[in-house]
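Take the sequence shown: its letter number 66 is residue 66 in the UniProt record's numbering, and every next letter is one higher. The beta carbon of each residue, even a glycine, is placed where N, CA and C say it ideally should be. Heads up: the structure comes next, in structure tokens.
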Amino acid sequence: MTGSAEYPFQYLEVVFWWVNNDALPRCFPFRIPLTSGKREETEGDAAVVTEDGTLKRLSKHDSYILDTLFDEIMTAFDKHVGECAKQLLKIPVLSEDFLPRLVDSMFNRLVRPCPMDRIQEPPKLFFTRLIHSVMALQSSAKPLIEDAFKLLISGPKPLVDTSADIRTQMALADFFAIHLINTEYKWEFDVDPNSPTRQSPSVVSAGLAALLRLSFHQNLLAHLPESVHSLIPPEPRVNNKYAEDPTPLYTEMTQLVRVKDADESAVLDKLSGVIATGSATAAQAIEEFMYALLQAGSRTPTHMTRVLELHSQVLPLTRPADPAEAQQYDLAIAGSVFEFFRYYPVRLACTFGALLDQEFVAATAVAEYILLKAEGGLREVLSNHCALEVLLELIPRCRRKVESLKATVGSYDGSAQEGDATVGDLKTRLERAQQTMVQLFNSVVGDLIAAYNGLDVDESFDDMRQCLVDLLLDICRTNLDLLPALQAPTSDTPPEMKAVMSNVEILV
């Protein structure tokens, strides 16, 4: 690379890929010029060298190589944020273009809707943490990082707004929240409707909602300017419908379900008796149990983890054998969690995560409840980023389980003897997990179609229809390997969703 310093030995790990043709990128990535775009507009295309040998500006060719090197390093060190930041800043390029192009590369990976090749993309949180790690190591990057973020969300038609990719909106909201925490809530807000540099209210509001997962509502009111107080969501709270009008069963459950001196056998006996006598269906009984359990664990996530551990046998042992009753049972569990924590986003996501990881609730029931059964209507659900996060994480969570089982089976394959019961059991579990993932994929797609068809034919619902189409696009393109198993569209499938499915199938 023109103008680069001689490469000392310790830099070989980040430049050795040059001599390996297999490591070269398989496509020319599209990048949004942010901070580096200003320099391109003012200084032309040719490389410019100063008297001290520093490149004031890289050529187009060298810029592309540097951008590609940034991408390779971020992919190679996607499990180690701190080391990745160090490796990026150690690249021996003496140019004023270096930091602007690095900032642009990190933000482009943060807002990229999906991988441009089929390499697994690191989670968005990785790039958020990486940007802040680079800022901590190189203080001169801070104004560039803030400028890049403002360029994405500012202006009459910002690059990222309500019409942007859902994951992109969520990623920028999380970045903004973490940035406000790291900078002690210092930010130049511009939410004046008449300002030409107005920052997108939807992104700012989503960022403040994400901030409530890291801070307290009182802190936001105390530290943020009054001009944005209207964008701060209400203080998080639980929503216990049995608190004001308790039933006899709920009252008894609150006495039995507790963090200290829990009596799981008494809970089981009571629920089994109620279900056996027909006083309540399994779904009704488990709903009241779940509200009592959620109330007992509502103080902190640690309390919730503990109360789930102490009552871990209740849900499996009271689950009905009949498939139809079991579906209603799972919907009751999913509905209890969603309605109880619908105004407490951070607890909503982590509680669903705990229940899904321990297989206390079926992922298909969670998707069905969120999209089709939630109280308050679909609009409220689609405006809740935590609810969308739960929905979008259902299949990846199932996929991680499949990958874990694959790795375990692979570790046994070389050493296990023929007919080993352990290996056979693991392979059976793996096949079952793979089938579950395919069923979940088809179920989520079916629920999205049903939610779309359930909307009134009215222009006021166009934004919700578009959001559902965007969700379908995201779920399809992030699960290309499952598309061959997707059930064929029926006559009920909306044309917009048929178009998404047919277009994404081209990528398989």
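Check                                                                                                              : Outcome
Residue burial classification, residue 529 (beta-carbon count within 10 angstroms, cutoff 16)                      : This structure cannot speak to residue 529, because the chain is shown only from 1 to 508.
Strand pairing of residue 381, partner residues [DSSP]                                                             : For residue 381, which the question treats as bridged, DSSP gives no partner whatsoever.
Under the three-state DSSP convention, the category residue 306 falls into                                         : helix
Range of the contiguous alpha helix (DSSP H) that encloses residue 163                                             : Note, residue 163: premise wrong, no alpha helix (DSSP H); not H, not E.
Residue interval of the alpha helix (DSSP H) (run including residue 64)                                            : 60 to 76
Close beta carbons around residue 379, own chain, < 7 Å, minus the five adjacent residues each side                : 464
Expected contact under 8 Å - CB spacing of residue 472 and residue 445 to nearest Å                                : 7 Å
With 16 other Cβ atoms within 10 Å as the buried cut-off, status of residue 31                                     : buried
Top-ranked residue by Cα proximity to residue 223, from 202, 199, 189                                              : 189
Under the three-state DSSP convention, the category residue 511 falls into                                         : This structure gives no information on residue 511, because the portion of the chain shown stretches from 1 to 508.
C-beta atoms of residue 344 and residue 288 nearer than 8 Å                                                        : no
Those runs of the alpha helix (DSSP H) which lie wholly inside the segment 415 to 458 and span at least 4 residues : 421 to 453
CA nearest to the CA of residue 509, picked from 158, 294, 111, 496                                                : Outside the displayed span of the chain (1 to 508) sits residue 509, for which this structure offers no information.
Closer than 8 Å to chain D by CB, residue 75                                                                       : Considering every chain present, this structure includes no chain D. It has just one protein chain.
Alpha-carbon spacing of residue 434 relative to residue 424, whole angstroms                                       : 15 Å
Integer Cβ distance of residue 130 from residue 174, believed to fall under 8 Å                                    : Actually they do not touch by this definition, with Cβ atoms about 13 Å apart.
Touching by the beta-carbon criterion (3+ pairs, under 8 Å), the segment 140 to 160 and the segment 106 to 115     : yes
Beta-carbon proximity list for residue 198, same chain, < 8 Å, skipping 5 on both sides                            : 154, 155, 156, 190, 191, 192
C-beta atoms of residue 267 and residue 311 nearer than 8 Å                                                        : yes
Inter-residue spacing [alpha-carbon to alpha-carbon] between residue 170 and residue 275                           : 42 Å
Distance between residue 93 and residue 141 (C-alpha atoms, nearest Å)                                             : 16 Å
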